[in-house]
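Each remark here refers to the structure printed beneath this line.
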Amino acid sequence: MLALILASGICGLLLGRYFKVYVCFPTILILIPAAYFIGDGLTGAILTFVLSSTATQLCYLIGAASDLIIERFRSQTSRTEDFI
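In this text, residue positions in the sequence shown follow this note's numbering: the first is -19, and each later residue adds one.
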């Protein structure tokens, strides 16, 4: 269960850095069968799915925010280099 949550978080970071938010919808659909096979029973599968989808979405936001900060920093440095 922990491995799926960590893998979902890493995938969320990468997806947030390089893709738009629309890519999260198919990603969440892929987590359903993975959670079913990893979870023990229905309760374990639901818990695994909820935790892994939450990790994916939170890490997506972190990745998108870091990309936004990096782009803003690059644009500010390029403007200051034009004046030098």
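We put the CB at the ideal spot given by N, CA and C, even for glycine.
- Message: Judging by CA-CA distance, which residue of Tyr(-2), Ala15 and Arg52 is the nearest neighbour of Ile(-15)?
- Response: For this step, residue -15 is matched to residue 5 along the sequence shown. Comparing Cα positions, the closest option is Ala15.
- Query: So, helix, strand or coil for Phe17, using DSSP?
  - Reply: Here residue 17 corresponds to residue number 37 of the sequence shown, with the count starting at 1. Reduced to three states, the DSSP call for Phe17 is helix.
- Query: Sorted by chain position, which residues of the same chain lie with C-beta nearer than 7 Å to Ala35's C-beta, five sequence neighbours on each side aside?
  - Reply: The sequence position of residue 35 within the sequence shown is 55, counting from 1. If we look at Ala35 and ignore the five residues flanking it on each side, its Cβ neighbours are Ile(-15), Ser(-12), Gly(-11) and Gly(-8).
- Could you tell me the distance, in whole angstroms, from the CA atom of Arg52 to the CA atom of Gly21? Position 72 of the sequence shown, counted from the first residue, corresponds to residue 52. Position 41 of the sequence shown, counted from the first residue, corresponds to residue 21. The alpha-carbon separation between Arg52 and Gly21 amounts to approximately 46 Å.
- Taking buried to mean at least 16 other C-beta atoms within 10 Å of its own C-beta, is Thr57 buried or exposed? Residue numbering aside, residue 57 sits at position 77 when the sequence shown is read from its first letter. Counting the other Cβ atoms within 10 Å of the Cβ of Thr57 gives fewer than 16, which makes it exposed.
- alpha helix (DSSP H) containing Tyr(-2): first to last residue? Residue mapping note: residue -2 aligns to position 18 of the sequence shown, counting from 1. Annotation: the continuous alpha helix (DSSP H) that includes Tyr(-2) extends over Leu(-18) to Tyr(-2).
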